[in-house]
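Sequential numbering of the sequence shown, starting at 1, is according to this note's numbering. See structure below.
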Amino acid sequence: MTKSALITGITGQDGAYLAKLLLGKGYAVFGLNARRSSDNLWRLRELGIDNDVQMIDGDLADLSSIIRAFQASKADEVYNLGAQSFVGTSWTQPLLTANVTGVGAANVLEAVRLVNPDARFYQASTSEMFGLIQAERQNENTPFYPRSPYGVAKLYAHWLTVNYRESFKLHASSGILFNHESPLRGIEFVTRKVTDAVARIKLGKQKELRLGNIDAKRDWGFAGDYVEAMWLMLQQDKPDDYVIATGKTTTVREMCEIAFNHVGLNINDHLVIDPAFFRPAEVDILLGDPAKANAKLGWTAKTQLEQLIVMMVEADITRVSKA
Ligand code: NAP
Ligand code: F7E
Numbered sequence: 001m002t003k004s005a006l007i008t009g010i011t012g013q014d015g016a017y018l019a020k021l022l023l024g025k026g027y028a029v030f031g032l033n034a035r036r037s038s039d040n041l042w043r044l045r046e047l048g049i050d051n052d053v054q055m056i057d058g059d060l061a062d063l064s065s066i067i068r069a070f071q072a073s074k075a076d077e078v079y080n081l082g083a084q085s086f087v088g089t090s091w092t093q094p095l096l097t098a099n100v101t102g103v104g105a106a107n108v109l110e111a112v113r114l115v116n117p118d119a120r121f122y123q124a125s126t127s128e129m130f131g132l133i134q135a136e137r138q139n140e141n142t143p144f145y146p147r148s149p150y151g152v153a154k155l156y157a158h159w160l161t162v163n164y165r166e167s168f169k170l171h172a173s174s175g176i177l178f179n180h181e182s183p184l185r186g187i188e189f190v191t192r193k194v195t196d197a198v199a200r201i202k203l204g205k206q207k208e209l210r211l212g213n214i215d216a217k218r219d220w221g222f223a224g225d226y227v228e229a230m231w232l233m234l235q236q237d238k239p240d241d242y243v244i245a246t247g248k249t250t251t252v253r254e255m256c257e258i259a260f261n262h263v264g265l266n267i268n269d270h271l272v273i274d275p276a277f278f279r280p281a282e283v284d285i286l287l288g289d290p291a292k293a294n295a296k297l298g299w300t301a302k303t304q305l306e307q308l309i310v311m312m313v314e315a316d317i318t319r320v321s322k323a
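Structure below.
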């Protein structure tokens, strides 16, 4: 029997890679697609799967649309990846972030509970929930201390996933994913902002790169590796929570240096520190401990940061050259 999956956030970075992974495994893949006035299918197109997924109109803020999408897809597995996912915007749009990123997850969980409680559910939780870190390496037992309205909204969604698992016996799992990037990353996130700028500077279309706190440290992996962990979680007999990370942390400055060095440019000739990009509260350092995912899911991050940044710079050089 062909399995069916419903992905919220299918047009985002992870949604596109997950859709590709599931199609490769023979799933019928459906996506909840929020109405937009302009094209949001570029990632699916870049992966060559825009005609292979079935889009259903719906919005995370609209429970009835999610119920209809879930009924139409007859999904065995539901992946809730949709969110207002940019931390910076969560300070300027805190209520929208709460509604979409937080209550949106409640809407999807309610749809599962009401329509087919046997379906398996994945929640896209985040290392941002650790925020002001309470342990040097963060694992599933580390206390949370979110530092942004985004982190707070995600924490609500995370605990609701745990609660629905315990209250209604749903097969609901939460992946606590550390930062993961790719050539399909949104341009506002720091890795892609850097690789796009490096490509433009190299091709003479831009002179400087303006960044905020370059001392922040992140545990960065490749999105293509991380969506495999999502799928693996839903194949387990028992639902659970897992930290997904590389176990290495790097400063924003060091990540930038990889990008500039790759094309033979000197970062000091182009980087400008701009207070506009500092955040009201910062997550200074994140470092995940993926031991549980290694042991129980057999999952490890395959792609090194250097490989990842080079892949992104090359993709941006190709894009900027064609533009
Ligand atoms: P992303 O690229 O920003 O994609 C977000 C997706 O959510 C897009 O498809 C977007 O649709 C959709 N969306 C936004 N508002 C919606 C609404 N009201 N109704 C329905 N869909 C809506 O995010 P990502 O990097 O792929 O991340 C996927 C998930 O993992 C997110 O929940 C994110 O918070 C979480 N996460 C990400 C990371 C990371 O490092 N990437 C780490 C941990 C957790 P449009 O394309 O139409 O805007
Ligand atoms: O920032 C610093 C910034 O926006 C990383 C989301 O996917 O991962 C992501 O959240 C760091 C921060 O990602 C700029 O202050 C410096 O310390 O790429 P980012 P994020 O905030 O870590 C988590 C796991 C998620 O769940 C989120 O959805 O880089 N930084 N200068 C900058 N960041 C940006 N964006 N732009 C700058 O100019």
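Glycine is no exception: its CB is placed at the ideal position from the N, C-alpha and C atoms. Model, not experiment: these values are computed from the prediction.
Could you check whether M255 and V198 sit closer than 9 Å to each other, using their CB atoms as the reference points?
no
Compute the minimum distance between the beta carbon of V100 and the heavy atoms of the ligand NAP, and state whether it is under 8 Å.
yes
Could you give the residue range of the beta strand (DSSP E) that holds F121?
Going by DSSP, F121 is part of the beta strand (DSSP E) stretching over R120 to T126.
Leaving out the 5 sequence neighbours to the left and right, which residues in its chain are closer than 6 Å to N327 when beta-carbon positions are compared?
Residue 327 falls outside the range modelled here, since the chain spans only 1 to 323, and no answer is possible.
Give every residue of the same chain whose Cβ lies closer than 6 Å to the Cβ of P239, excluding the five residues on either side of it in the sequence, and list them in chain order.
R165, H171, A172 and S173
For the candidate residues T126, S4 and Q54, whose alpha-carbon lies nearest to that of A245?
T126
Taking all protein chains shown into account, decide if T318 is buried (16 or more other Cβ within 10 angstroms of its Cβ) or exposed.
exposed
For the ligand NAP, I want to know if D14 counts as a neighbour, meaning its beta carbon is within less than 8 Å of at least one of the ligand's heavy atoms.
Flag set: Cβ of D14 near the ligand NAP.
Does DSSP classify V77 as helix, strand or coil?
Residue identity differs from the one stated: residue 77 is Glu in this sequence, not Val. If DSSP states are grouped into helix, strand and coil, E77 belongs with the strands.
So if I measure from each beta-carbon to every heavy atom of the ligand F7E and keep distances below 5 Å, which residues remain?
S85, V87, T126, S127, E128, N179, F189, V190, L211, G212, N213, A216, V252 and F277
Taking L132 as the reference, give the member of I285, V310 and E314 with the closest Cα.
I285
Leaving out five residues on either side along the sequence, give the residues of the same chain with a beta carbon under 8 Å from the beta carbon of P275.
G212
Is the distance from the Cβ of G334 to the Cβ of S85 below 9 Å?
Here the chain covers residues 1 to 323 and nothing more, so residue 334 does not appear.
Ordered along the chain, which non-local residues of its own chain (more than five positions away) have a Cβ less than 7 Å from that of E128?
V87, P146, S148, Y150, G151, K154 and V283
Label M1 either buried or exposed according to how many other C-beta atoms from any shown protein chain fall within 10 Å of its C-beta, with 16 as the threshold for buried.
Under this definition M1 is an exposed residue.
Would you kindly check if the distance between the Cβ of L232 and the Cβ of G298 is under 9 Å?
yes
Cβ-Cβ distance between L18 and I56 below 9 Å
no
Relative to the alpha-carbon of L96, which residue among A61, V108, N268 and Y122 has its alpha-carbon at the smallest distance?
Of the listed residues, the one whose Cα sits closest to L96 is A61.
Reduced DSSP secondary structure (H/G/I, E/B, other) of L6:
Residue state, collapsed to three classes: strand.
Who pairs with L172 in a beta bridge, going by DSSP?
The question names Leu, yet the displayed sequence has Ala at residue 172. A172 is bridged to F121.
Between which two residues does the alpha helix (DSSP H) containing F30 stretch?
That residue, F30, is in no alpha helix (DSSP H); its beta strand (DSSP E) goes A28 to N33.
Does the structure place the region 295-315 close enough to the region 102-117 that three or more beta carbon pairs sit under 8 Å?
no
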